Every structure is written in structure tokens, then in C-alpha cells.
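Enquirer: Can you read through this structure? Questions will come right after.
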Amino acid sequence: INSDQLAAVAIRRVIFHDVRRKTHGQEPTLSEIETDVDKARKGHLRTKLIRVLGSKSAYPVQFNPNSASPVPNQVRYLTQAHRSSAKFIAASQQIAKYLFEQHTGAVSPGLLCVIDVAIAGAQNAIVAMKLEREEGAQLELTKSNGKRTFAMSVLDNLVLTDGTRLFKSAMFMRTGAGDNDF
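Right, here's the structure in full:
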């Protein structure tokens, strides 16, 4: 993916799933609707995508033809045409379930973010990012007994800050009509 293609990324829709540490009887928490993202949030996500996918640490990947993973088939399906919201949600849930099934004690829990994008309005692509949750504090100027003070709130579900660790990220950009044109 070159810099011109990254510059032409337009986010169409986003969904998050909670893929926590695998314990007996526990399942991932799957979103049932897309995440509502306004223009500012799309801009924030787009900036993060461009930074991580355009970094010198990024490298091309290919689908493993011998893998039992449903991810390649879901990506192929979602990028063949612009799919309905229900189909996007179902495919992203399949990816999240598979990721959860692969978890062992050594795998960090996190959030799976699946993003449907268009490149220059023509090429379909799917972005998958597994990221950590962060904690932080927020200060807000307020008054107490008529005097100014800062009230502090602890935020324990921060994501996509400058310090957020991306455990994995990938963009699968369709370049042709064939099943392996990525």
C-alpha cells in the first residue's frame, strides 16, 4: 500500500468487538450494530491508520492457503462488493470469534476494530486492528464552594491514544476481481 493509496482512504463504517482473555465459559463481547462514528471520529481513526500502515515497520502480507482461519474468506467476501450493514456485522463477528478461539494465556486481551474503507472511492478494503485498552485521567475545571478547582475523573476505556498499543493491524485492499487480488 503506497502513500497515495493511504492518502485516499475513506472510512465508510466501523465496528468494535471485545476479545478478552479466554476463560472457561466466557465468550467475546460482540457488537450487534456498527459503531457510530462522526466526521471527527473518522478523521481520528484515519490518522491512526495512515500512521501505522504507512510506517517503516509495516510490511506486505499474503493469505496462507493452508490456514483454517475464516478471516481470508470474510475479507474476500466483504471486499467483492460494498455489503449491507448486517453482512458487515456478521463477518466482523466471525473474525472476532476466531480471534477469541486462538487466544492462549500468552495472548493479550483487547478490542478488535474492523473498518470498511474505500480507497479513492473505487477500491474496497477491510482494516482489522487489535488494540489495547488504556487508563487515563481527565481534568475538568469546576467550582467547589465558589472556588475554582480541577475535578479528576479516571477513564478506563481509552482507545487509540498516542500511547495505545496496536497488537496487530492489517489492511486488506482488493486490487482485482480474483480471490487473491489483494
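15 is the number of the first residue of the sequence shown in the numbering used here; add one for each residue after it. Beta carbons are placed, not taken as given, at the ideal position from N, Cα and C, and that holds for glycine. Since the structure is predicted, the reported quantities are computational estimates derived from the model, not experimental observations.
I need the straight-line Cα distance from G124 to L44, nearest angstrom please.
Expert: 12 Å
Enquirer: Who are N275's beta bridge partners in DSSP?
Expert: Absent from the structure is residue 275, since the part of the chain shown begins at 15 and ends at 196.
Enquirer: Rounded to whole angstroms, how far is the Cβ of M185 from the Cβ of I15, which I believe are closer than 8 Å?
Expert: About 6 Å separates the CB atoms of M185 and I15; that is less than 8 Å, so the two are in contact.
Enquirer: Buried or exposed for L145, please, with buried defined as at least 16 other CB atoms from any protein chain shown within 10 angstroms of its CB.
Expert: L145 should be labelled buried.
Enquirer: Assuming R26 is part of the alpha helix (DSSP H), what are its boundary residues?
Expert: No alpha helix (DSSP H) holds R26; the beta strand (DSSP E) holding it covers V23 to V33.
Enquirer: Output the distance between the C-alpha atoms of V33 and A82, rounded to the nearest integer angstrom.
Expert: 19 Å
Enquirer: Of the residues I103, A136 and F77, which one's Cα is nearest the Cα of D193?
Expert: Nearest C-alpha to D193: F77.
Enquirer: When we look at the beta-carbon of A191 and count the other beta-carbons within 10 Å, is it buried (16 or more) or exposed?
Expert: exposed
Enquirer: For A95, which of helix, strand or coil comes out of DSSP?
Expert: coil
Enquirer: How about R188 and T93: are their beta carbons less than 9 Å apart?
Expert: yes
Enquirer: By Cβ distance, which residues of its chain are closer than 8 Å to K182, with the 5 residues on each side in sequence left out?
Expert: A142, M143 and K144
Enquirer: Figure out for me which residue from S98, V23 and L155 has the closest Cα to the Cα of L67.
Expert: V23
Enquirer: K56 lies in the alpha helix (DSSP H); which residues open and close that run?
Expert: From DSSP, the alpha helix (DSSP H) with K56 extends over K53 to L67.
Enquirer: Tell me the rounded alpha-carbon separation between I4 and R60.
Expert: The chain is shown only over 15 to 196; residue 4 falls outside these bounds and no answer can be derived.
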